[in-house]
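In the numbering used here, the protein residues as written are 48 to 161.
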């Protein structure tokens with residue numbers, strides 16, 4: 048059983064930065080694609096960024112050039128560096144381990160004030 052625990056959310060002003068972390072339990076982290084999703088109130092969950100086990104990355108159009116996903120396999124942790132935050136980035140951010148079965152964290156709230 049894999050557990051994912053997100054941290055680093057909070058309240059920030061527009062233009063500011065936050066770094067989210069997601070720590071995974073177990074020994075399969077280094078083999079898996081990891082992703083960050085977000086869900087704003089009243090909207091569908093959307094992909095923010097993903098990173099494969101070899102470090103290839105993919106980003107949602109709305110965050111390209113502002114957000115950076117990275118991973119530290121020695122720490123079983125994936126990060127999301129968020130810069131130039133906008134009010135429309137306000138959402139609950141979820142970490143996910145991708146595979147035939149997708150694991151999810153509990154989510155962390157990010158609120159960007161204008």
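For each residue, glycine too, the CB sits at the ideal point set by N, CA and C.
Exposed unless 16 or more other CB atoms sit within 10 angstroms - verdict on residue i
{"i": "residue 103", "result": "exposed"}
{"i": "residue 122", "result": "exposed"}
{"i": "residue 148", "result": "exposed"}
{"i": "residue 127", "result": "buried"}
{"i": "residue 58", "result": "exposed"}
{"i": "residue 101", "result": "exposed"}
{"i": "residue 108", "result": "exposed"}
Sub-8 Å separation of residue i and residue j beta-carbons
{"i": "residue 143", "j": "residue 61", "result": "no"}
{"i": "residue 138", "j": "residue 91", "result": "no"}
{"i": "residue 66", "j": "residue 98", "result": "no"}
{"i": "residue 76", "j": "residue 120", "result": "yes"}
Same chain only: Cβ atoms within 7 Å of residue i, ignoring 5 sequence neighbours per side
{"i": "residue 152", "result": "51, 52, 53, 69, 141 and 142"}
{"i": "residue 110", "result": "95 and 96"}
{"i": "residue 133", "result": "61 and 159"}
{"i": "residue 72", "result": "49 and 50"}
Residue(s) in a DSSP beta bridge with residue i
{"i": "residue 57", "result": "157"}
{"i": "residue 97", "result": "82 and 105"}
{"i": "residue 136", "result": "Beta-bridge pairing links residue 136 to no other residue."}
{"i": "residue 128", "result": "66 and 115"}
{"i": "residue 71", "result": "51"}
Own chain residues within Cβ distance below 6 Å of residue i, not counting five before or after
{"i": "residue 56", "result": "155, 156 and 157"}
{"i": "residue 63", "result": "132"}
{"i": "residue 130", "result": "64 and 113"}
Residue nearest to residue i in terms of C-alpha spacing, selected from the options
{"i": "residue 81", "options": "106, 136, 113 and 130", "result": "106"}
Contacts around residue i, its chain only, beta-carbon distance under 8 Å, and the 5 residues preceding and following it disregarded
{"i": "residue 145", "result": "79, 80, 81, 82 and 97"}
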